[in-house]
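**Student:** Under our numbering, the letters of the sequence shown match residues 7 to 376, in that order.
For glycine and all other residues, C-beta sits at the position ideal for the given N, C-alpha and C.
Here the structure is a predicted model, which means the values were calculated and not measured.
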Amino acid sequence: MKLLQLKTTLHQFDDCADFAKEFDIGAEDLILTNEFIYQPHFGALGLGADVLYQEKYGAGEPSDEMAEAIHANMKGNYRRIIAIGGGTVIDLAKIFALKNVLPVADLFDRKLDIVKDKGLVLVPTTCGTGSEVTNISILELKDRHVKLGLAVDELYADAAVLIPRLAEGLPFRFFAASSIDALIHAVESSVSPKANVYTKLFGHRAVRMIVAGYREIAEKGPEARLPLLGDFLVASNFAGAAFGNAGAGAVHAMSYPLGGKYHVAHGEANYALFNKVFERYLAQKRDGAIAEIGTVLADALACDLVDAFRDLEKLLAEILVRKPLREYGVTREDLRIFTDNVMTRQGRLMANNFVPLDTADVMAIYEELY
Ligand SMILES: NC(=O)c1ccc[n+]([C@@H]2O[C@H](COP(=O)([O-])OP(=O)(O)OC[C@H]3O[C@@H](n4cnc5c(N)ncnc54)[C@H](O)[C@@H]3O)[C@@H](O)[C@H]2O)c1
Ligand SMILES: [Fe+2]
Numbered sequence: 007m008k009l010l011q012l013k014t015t016l017h018q019f020d021d022c023a024d025f026a027k028e029f030d031i032g033a034e035d036l037i038l039t040n041e042f043i044y045q046p047h048f049g050a051l052g053l054g055a056d057v058l059y060q061e062k063y064g065a066g067e068p069s070d071e072m073a074e075a076i077h078a079n080m081k082g083n084y085r086r087i088i089a090i091g092g093g094t095v096i097d098l099a100k101i102f103a104l105k106n107v108l109p110v111a112d113l114f115d116r117k118l119d120i121v122k123d124k125g126l127v128l129v130p131t132t133c134g135t136g137s138e139v140t141n142i143s144i145l146e147l148k149d150r151h152v153k154l155g156l157a158v159d160e161l162y163a164d165a166a167v168l169i170p171r172l173a174e175g176l177p178f179r180f181f182a183a184s185s186i187d188a189l190i191h192a193v194e195s196s197v198s199p200k201a202n203v204y205t206k207l208f209g210h211r212a213v214r215m216i217v218a219g220y221r222e223i224a225e226k227g228p229e230a231r232l233p234l235l236g237d238f239l240v241a242s243n244f245a246g247a248a249f250g251n252a253g254a255g256a257v258h259a260m261s262y263p264l265g266g267k268y269h270v271a272h273g274e275a276n277y278a279l280f281n282k283v284f285e286r287y288l289a290q291k292r293d294g295a296i297a298e299i300g301t302v303l304a305d306a307l308a309c310d311l312v313d314a315f316r317d318l319e320k321l322l323a324e325i326l327v328r329k330p331l332r333e334y335g336v337t338r339e340d341l342r343i344f345t346d347n348v349m350t351r352q353g354r355l356m357a358n359n360f361v362p363l364d365t366a367d368v369m370a371i372y373e374e375l376y
């Protein structure tokens, strides 16, 4: 049984110019980014690379349509693809390191030969998806109204680069959603049947770092996140290493239809599902990996083990308001359709659940959260 694979070299810089110099960024590179991140940090450096701004190709999280529109503007034979942005930019960039990309739906249906023919450098600017160290790209397939993941080793980056300064301009609500996503990566992967002593090393540490950061922010206010951004980037990277190997589970599986149909930000969609999925796990089994992560949480929250998930929920409520599903526009009819999608299309994730969840469980969780 494979325990842990990390294929990506990790780097950290204080300064963007040092990154550009050490990576010798130049004319043979394509940089996919956002103008409002690139211009203040890299604009004056005159790097000579081709630069495409993701926001010019559509709003919100990434889709096959967005990927195809960007691909049409790629000039050709790049040596490397460099992504500087959140999970949206990174997940798009990952597939551009492949030789065969079009049509993107065929790529995701595994009908195309998967060949990596370019270098891939990923610089996350949210706190975050951990996508810089995973082999997954997640896109919405527009005509199916659903988010799907493509997980193949050709999507591993050659290098992941952490530059905390880049996350300083990240608005609090995106900081909140992306770091809750990282927390959920760490917690879900720690109770996956594929979790092991190595993945838990990363996952448990990520939980400690994120909870400690949230307690500081809850006490001192949103600005308290700024000196902690380096910790959050590392924690999100650790959580990526954990879930990239042990997998995410039902929280992610159940959030994809919500994100796909109602365009709820990924981290926020996960947050909407998180507590009830874990309540359902705990109702069936309280020992084993869920008690281990509960102990980590209790320690980080300075509470008793029995209160760990409840106190986590209270702390998260200080960071982001959790909404019932109907406030996103979800209808009762959707609940059945979402459940069907989870049970038929999200098997990759549902295989990682702490205890098996069947159709009735999934439907009941959606109903409780409606
Ligand atoms: N491949 C993986 O392993 C993996 C894991 C988790 C999530 N994801 C995917 O990642 C996506 C979500 O990514 P995300 O949470 O990083 O959000 P995001 O990339 O969608 O960014 C959220 C918003 O913040 C803006 N932004 C990003 N960085 C900024 C900065 N430094 N300053 C100012 N604004 C900034 C973006 O333009 C966007 O408007 C989803 O599509 C999700 O499915 C992928
Ligand atoms: Fe996620």
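(1) Could you have a look at residue 198 and say whether DSSP puts it in helix, strand or coil?
(2) In whole angstroms, give me the CA-to-CA distance for residue 280 and residue 53.
(3) Measure the alpha-carbon distance for residue 233 versus residue 346 and round it to whole angstroms.
(4) On the criterion of 16 or more Cβ atoms from any shown chain inside 10 Å, does residue 42 qualify as buried, or is it exposed?
(5) Tell me whether the segment 272-290 and the segment 154-172 touch, counting them as touching only if at least three CB pairs, one residue from each stretch, are closer than 8 Å.
(6) Counting Cβ pairs, one atom from each stretch, are 3 or more of them under 8 Å apart for the segment 201-218 and the segment 250-269?
(7) With the cut-off set at 8 Å, would you say residue 181 and residue 231 are in Cβ contact?
(8) Does residue 122 come out as helix, strand or coil in the three-state DSSP assignment?
(9) Closest to residue 155 by C-alpha separation, out of 166, 111 and 35, would be which residue?
(10) In whole angstroms, what separates the C-alpha of residue 132 from that of residue 44?
(11) Which same chain residues, not among the five before or five after residue 76, have their C-beta less than 8 Å away from its C-beta?
(12) Thinking C-beta only, is residue 324 closer than 8 Å to residue 241?
(13) Which same chain residues end up closer than 6 Å to residue 118 when comparing Cβ atoms and leaving out the 5 residues on each side of it in sequence?
(14) For residue 151, is the beta carbon positioned less than 7 Å from some heavy atom of ligand 2?
(15) Can you have a look at residue 272 and say buried or exposed, based on whether 16 or more other CB atoms are within 10 angstroms of its CB?
(16) Are the segment 326-341 and the segment 298-316 touching, with three or more C-beta to C-beta distances below 8 Å?
(17) Look at the Cβ atom of residue 265, then the Cβ atom of residue 140, and state whether they are nearer than 8 Å.
(18) Let's see if you can read the secondary structure: which residues bound the alpha helix (DSSP H) around residue 350?
(19) Looking at the unbroken alpha helix (DSSP H) that takes in residue 154, where does it start and where does it end?
(20) Report whether the distance from the Cβ of residue 172 to the nearest heavy atom of ligand 1 is below 7 Å.
(21) Return the first residue and the last residue of the alpha helix (DSSP H) that residue 301 is part of.
(22) With DSSP run on the structure shown, which of helix, strand or coil describes residue 57?
(23) Mind the definition here: the segment 294-309 touches the segment 209-219 only if three or more C-beta pairs lie below 8 Å; say whether that holds.
(24) Which partner residues does residue 15 have in the DSSP bridge list?
(25) Do you know how far the Cα of residue 197 is from the Cα of residue 116?
(26) Run through DSSP, which three-state label would residue 39 get?
(27) If you follow the beta strand (DSSP E) that residue 90 is in, where does it begin and where does it stop?
(28) For residue 175, which of 47, 121 and 363 has the nearest alpha-carbon?
(29) What is the residue span of the beta strand (DSSP E) that residue 144 lies within?
(30) Assuming residue 287 and residue 193 are in contact, meaning their beta carbons sit under 8 Å apart, how far apart are those beta carbons, in whole angstroms?
(31) Just curious, the alpha helix (DSSP H) that residue 268 is in, first and last residue?
(32) Roughly how many whole angstroms lie between the Cα atoms of residue 334 and residue 375?
(33) Which same chain residues end up closer than 6 Å to residue 94 when comparing Cβ atoms and leaving out the 5 residues on each side of it in sequence?
(34) Can you tell me the Cα-Cα spacing of residue 27 and residue 235, whole angstroms?
(35) Please report the distance separating the alpha-carbon of residue 348 from that of residue 305.
(36) What are the partner residues of residue 69, as DSSP defines its beta bridges?
**Tutor:** From the atom records:
(1) coil
(2) 42 Å
(3) 44 Å
(4) exposed
(5) no
(6) yes
(7) yes
(8) strand
(9) 111
(10) 14 Å
(11) 38, 58, 60, 63, 98 and 102
(12) no
(13) 106 and 112
(14) no
(15) buried
(16) no
(17) no
(18) 338-351
(19) Element bounds for residue 154: not the alpha helix (DSSP H) but the beta strand (DSSP E), 152-157.
(20) yes
(21) 295-307
(22) strand
(23) yes
(24) 165
(25) 29 Å
(26) strand
(27) 86-91
(28) 47
(29) 142-147
(30) About 11 Å separates the two Cβ atoms, so there is no contact after all.
(31) 256-268
(32) 12 Å
(33) 67 and 68
(34) 23 Å
(35) 33 Å
(36) 146
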